[in-house]
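Chemist: Numbering (the working numbering), first residue to last: 16 to 499. Just so it is clear, CB atoms sit at the ideal spot from N, CA and C, and this is done for glycine as well. None of the values given here were measured: they were computed from a predicted structure.
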């Protein structure tokens, strides 16, 4: 490594020093060749990373912060299943992975009354992943109601950063010890016999909640300020490079103190564009992940109910990018509801011309999806609403340097009762619903509302209202609406 200049040394000297000795073997080094940094910045970052060998190691860590516990519904009896049949080649893969897990101390032989079957599922690279089918165990597990981060809140935070890095924990779940009293419940059966986990395995219903809670504790005080965490994916974001080094150093210290390690090959440092939670975050804004958009474009016309549900789930994830999404999908939703009520819901669905048009229109809309901007809470918001015969639509925008930028689209279909409202009531409903939908953005800010209905001024200014109109007026009065 080339020598660092005086300025670079001063930057590093100001960072907190890792208290952990460099006694770790099998160190892995991140590849910085793809980072959007100049050579001097890469030297600084590489020097910082080299101070944390205990974090960038080849072996999964072992945290002391928490243990995973499995709590069962009262009266639950152990379930056991015969092993699924495997080909000789797959048995060899199972043998190899069992040996690796035994040597690492992740599993041990078991005499449990529980026995779940194993499956080998394909990875993206074509290799096979060892999985345990815990469906019966999960069906009898008391679910943990721990909150997961909202995707939209996460994306809003990241869009304002200049330097972004992603950190991936090495086999994150396996870094969490499984409570000894819960280990027998994770027993799985193979052609070689019965084994149980000593660490938290993948596939347990409460495993994501346990890990999210762990990371919230480890990174307490840093979340939403300099980092975000979604289960085992950490995103570090900062306004300047010097601050980014400080933020990374702080997070490396937190991970080291918690006994957690990172997988260097899956860490990505200082990129201008970042794929995260199905979105591509760029300096210009947010757009859907191109790879997932390709999946939408290649999605065949649904022939069964489950195919239609999959398509609507995939496109619905990106509804904030599509103007009037609810109106476009109405024919597909009608088909979905009618098929679900039918006793033959598992058979082929009846595909109409309207469904075909909606299907293709959604594909086109996602292909042409606009860049969405991060909100600036120091500037006013512009809320445009509209009500058609069957749907409600809204666009949240802001203006910067005489240009209007879209923050998000929103839409929904009207209920049967709402379709009987008078036009002015529908316009009022659209504003009431839109302000409620975008409340996290609009509370405490200035709002300009653009609507087809000027009579809404009367709604806000008339005192003698009753029923739903009064409720809407009260709700709207809580916002700082300065223009209609």
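Can you check the region 276 to 302 for any beta strand (DSSP E) of at least 3 residues that lies completely inside it and give the ranges in chain order?
Modeler: 289 to 291, 294 to 297
Chemist: Considering only DSSP beta bridges, list what residue 190 is partnered with.
Modeler: Indexing the chain shown from 1 puts residue 190 at position 175. Answer by DSSP bridge pairing: none, since residue 190 is not bridged.
Chemist: Express the C-alpha separation of residue 318 and residue 134 in angstroms, rounding to a whole number.
Modeler: Within the chain shown, the letter at position 119 stands for residue 134. Within the chain shown, the letter at position 303 stands for residue 318. Roughly 28 angstroms between the two C-alpha positions.
Chemist: Terminal residues of the continuous beta strand (DSSP E) containing residue 408?
Modeler: Numbered from 1 along the chain shown, position 393 holds the residue referred to as residue 408. Residue 408 -> beta strand (DSSP E) spans 406 to 415.
Chemist: Leaving out five residues on either side along the sequence, give the residues of the same chain with a beta carbon under 7 angstroms from the beta carbon of residue 47.
Modeler: For the purposes of this step, residue 47 is taken as residue 32 along the chain shown, with counting starting at 1. Contacts found: 57, 60, 61, 284.
Chemist: Report all residues from its chain with a CB closer than 6 angstroms to the CB of residue 314; omit the five preceding and five following residues, and keep chain order.
Modeler: In the chain shown, residue 314 corresponds to position 299, counting from 1. Apart from sequence neighbours up to five positions away, the residues of its chain that approach residue 314 with a beta-carbon distance below 6 angstroms are 326, ordered along the chain.
Chemist: Please classify residue 448 as buried or exposed, where buried requires at least 16 neighbouring CB atoms within 10 angstroms.
Modeler: One-based indexing of the chain shown puts residue 448 at position 433. So residue 448 counts as buried.
Chemist: From residue 340 to residue 406, what does the alpha carbon distance come to, in whole angstroms?
Modeler: By one-based count along the chain shown, residue 340 stands at place 325. By one-based count along the chain shown, residue 406 stands at place 391. Those two C-alpha atoms are separated by around 9 angstroms.
Chemist: Which value, in whole angstroms, describes the spacing of the CA atoms of residue 353 and residue 344?
Modeler: Taking the first residue of the chain shown as position 1, residue 353 is located at position 338. Taking the first residue of the chain shown as position 1, residue 344 is located at position 329. If you take the alpha carbons of residue 353 and residue 344, they lie about 14 angstroms apart.
Chemist: For residue 482, is the classification buried or exposed, using 16 other Cβ atoms within 10 angstroms of its Cβ as the cut-off for buried?
Modeler: Within the chain shown, numbered from 1, the residue matching residue 482 stands at position 467. Exposed: under 16 other Cβ atoms inside 10 Å.
Chemist: In the structure shown, what three-state DSSP assignment does residue 124 receive?
Modeler: Here residue 124 is taken as the residue at index 109 of the chain shown, counted from 1. Correct three-state label for residue 124: strand.
Chemist: Note the first and the last residue of the continuous beta strand (DSSP E) segment covering residue 379.
Modeler: Stepping through the chain shown from its first residue, residue 379 is reached at position 364. No beta strand (DSSP E) holds residue 379; the alpha helix (DSSP H) holding it covers 368 to 382.
Chemist: For residue 351, collect the residues of the same chain with a Cβ closer than 8 angstroms to its Cβ; drop the 5 residues on either side in sequence, then sort them by chain order.
Modeler: Walking along the chain shown from the start, residue 351 turns up at place 336. These residues qualify, in order along the chain: 320, 323, 324, 327.
Chemist: Suppose you measure from the CA of residue 128 to the CA of residue 193; what does that come to, to the nearest Å?
Modeler: As a position in the chain shown, residue 128 is number 113, starting the count at 1. As a position in the chain shown, residue 193 is number 178, starting the count at 1. If I take the Cα positions, the gap works out to 18 angstroms.
Chemist: Checking the sheet assignment: what are the DSSP bridge partners for residue 211?
Modeler: By one-based count along the chain shown, residue 211 stands at place 196. Residue 211 pairs with 123.
Chemist: Quick one: what's residue 344 bridged to in DSSP?
Modeler: Looking up residue 344 in the chain shown gives position 329. Residue pairing by DSSP places residue 344 in no beta bridge whatsoever.
Chemist: Compute the Euclidean distance between the alpha carbons of residue 443 and residue 398, then round it to the nearest angstrom.
Modeler: For the purposes of this step, residue 443 is taken as residue 428 along the chain shown, with counting starting at 1. For the purposes of this step, residue 398 is taken as residue 383 along the chain shown, with counting starting at 1. Looking at the two C-alpha atoms, the distance is approximately 13 angstroms.
Chemist: What span of residues does the alpha helix (DSSP H) with residue 547 cover, start to end?
Modeler: The structure shown does not extend to residue 547, since the chain is modelled only from 16 to 499, so the question has no answer here.
Chemist: Could you have a look at residue 259 and say whether DSSP puts it in helix, strand or coil?
Modeler: Taking the first residue of the chain shown as position 1, residue 259 is located at position 244. Note: residue 259 maps to helix in three-state DSSP.
Chemist: Using a Cβ distance threshold of 8 angstroms, determine whether the region 164 to 183 contacts the region 235 to 249, with at least three qualifying pairs required.
Modeler: The region 164 to 183 vs the region 235 to 249: in contact.
Chemist: Which first and last residues belong to the alpha helix (DSSP H) in which residue 226 is found?
Modeler: As a working mapping, residue 226 is identified with position 211 in the chain shown. In the DSSP annotation of this structure, the continuous segment of the alpha helix (DSSP H) that includes residue 226 starts and ends at 222 to 233.
Chemist: Go through its chain and collect everything with a Cβ distance to residue 212's Cβ below 7 angstroms, but skip five positions before and after it.
Modeler: Here the question's residue 212 lines up with position 197 in the chain shown. Excluding positions up to five away in sequence, the list reads 121, 122, 193, 198, 201.
Chemist: Check whether the region 285 to 295 and the region 77 to 93 are in contact - that is, three or more C-beta pairs closer than 8 angstroms.
Modeler: Judged by pairs of C-beta atoms under 8 angstroms, the region 285 to 295 does not touch the region 77 to 93, as fewer than three such pairs exist.
Chemist: Exposed or buried, which one is residue 249 when buried takes at least 16 other CB atoms within 10 Å?
Modeler: Here residue 249 corresponds to residue number 234 of the chain shown, with the count starting at 1. Residue 249 is buried by the Cβ-count criterion.
Chemist: Flag this pair as yes or no: are the beta carbons of residue 424 and residue 410 separated by less than 8 angstroms?
Modeler: Position 409 of the chain shown, counted from the first residue, corresponds to residue 424. Position 395 of the chain shown, counted from the first residue, corresponds to residue 410. The answer is yes: Cβ separation under 8 angstroms.
Chemist: For residue 436, which residues in the same chain have their Cβ closer than 6 angstroms to its Cβ, ignoring the five residues on either side in sequence?
Modeler: Locating residue 436 in the chain shown gives position 421, counting from the first residue. Same-chain partners within the cutoff: there are none.
Chemist: If you count every other CB in all the chains shown that lies within 10 Å of the CB of residue 138, and 16 or more means buried, which is it?
Modeler: Locating residue 138 in the chain shown gives position 123, counting from the first residue. Exposed, by the Cβ-count rule.
Chemist: Tell me which residue opens and which closes the alpha helix (DSSP H) that residue 485 is part of.
Modeler: By 1-based counting over the chain shown, the position of residue 485 is 470. Residues 482 to 492.
Chemist: Mind checking which residues open and close the beta strand (DSSP E) that includes residue 427?
Modeler: By one-based count along the chain shown, residue 427 stands at place 412. From DSSP, the beta strand (DSSP E) with residue 427 extends over 418 to 428.
Chemist: Please state the DSSP three-state secondary structure of residue 337.
Modeler: Numbered from 1 along the chain shown, position 322 holds the residue referred to as residue 337. Residue 337 falls in the coil class under three-state DSSP.
Chemist: Based on the DSSP output, what are the partners of residue 83 in its beta bridges?
Modeler: Stepping through the chain shown from its first residue, residue 83 is reached at position 68. DSSP, once it has assigned bridges, lists 193 as partnering residue 83.
Chemist: If contact is defined by three or more beta carbon pairs under 8 angstroms, each pair taking one atom from either stretch, is the region 142 to 154 in contact with the region 255 to 268?
Modeler: Taking 8 angstroms as the limit for Cβ pairs, the verdict is that the region 142 to 154 does not touch the region 255 to 268.
Chemist: Per DSSP, residue 182 forms a beta bridge with which residues?
Modeler: In the chain shown, residue 182 corresponds to position 167, counting from 1. Note: residue 182 sits in a beta bridge opposite 249.
Chemist: Report the three-state DSSP secondary structure of residue 305 (helix, strand or coil).
Modeler: The residue you call residue 305 lines up with position 290 of the chain shown. Correct three-state label for residue 305: helix.
Chemist: By a C-beta neighbour count over all protein chains shown, 10 Å radius and 16 as the cutoff for buried, is residue 239 buried or exposed?
Modeler: As a working mapping, residue 239 is identified with position 224 in the chain shown. Result: exposed.
Chemist: Count the other CB atoms within 10 Å of the CB of residue 232; is the residue buried (16 or more) or exposed (fewer)?
Modeler: For the purposes of this step, residue 232 is taken as residue 217 along the chain shown, with counting starting at 1. Residue 232 comes out exposed.
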